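S.K.: Count along the sequence shown from 1, add 2, and you get the number used in the numbering used here. Sharing a structure below in structure tokens format, with a few things to ask.
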Amino acid sequence: MWAPKETAEAPRFFTARDIARAMGVGKKQVHRQAKRGGWVQRDHGNRLEYCPPPQIAACVIAAPSSSVADSPSRTVRFADLAHSDDQRGGVLMREKAVLCLQNNLSLGKEIALE
């Protein structure tokens with residue numbers, strides 16, 4: 003979650019995504035509420051940031067933000083092992099290739115795909 007440097011009197015600006023996540027609603031509903039409520043807004047790149055009322059800002063600040071690093075890694079499952087020997091062999095070879103690629107990704111994408 004991006005926020006500008008804070009001072010005691012500086013307003014807090016948040017993206018609609020951050021507000022929606024903290025309040026448990028959709029981004030579109032946040033945009034509508036901001037328009038109805040006359041929230042102060044500013045452009046930051048290609049997105050709008052809003053300065054919500056203090057009670058909503060407190061909820062956004064208190065809500066834990068999720069980041070890409072916190073999300074669990076994707077698991078690849080191979081459930082097609084109940085078929086014929088040829089199909090099972092193909093699935094196991096595919097699994098071996100995926101596991102090999104996952105192990106080599108730390109070397110870089112170009113080297114891992116060789």
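Yeah, the Cβ is synthetic: ideal placement off N, Cα and C, and Gly gets one too. Remember, it's a predicted structure, so these values are computed and weren't measured experimentally.
Classify VAL70 as buried or exposed, calling it buried when 16 or more other Cβ atoms lie within 10 Å of its own Cβ.
M.R.: With a pLDDT of 49 at VAL70, under the threshold of 50, the predicted position of this residue should be treated as unreliable, and no value is reported.
S.K.: What are the boundary residues of the alpha helix (DSSP H) that VAL62 is part of?
M.R.: For VAL62, the enclosing alpha helix (DSSP H) covers residues 56-64.
S.K.: Per DSSP, what kind of secondary structure is ARG38 in: helix, strand or coil?
M.R.: helix
S.K.: Here's a check: name, in chain order, each residue in its chain whose Cβ is nearer than 6 Å to the Cβ of HIS33, leaving out the five neighbours to either side.
M.R.: ALA18
S.K.: Does ARG49 come out as helix, strand or coil in the three-state DSSP assignment?
M.R.: strand
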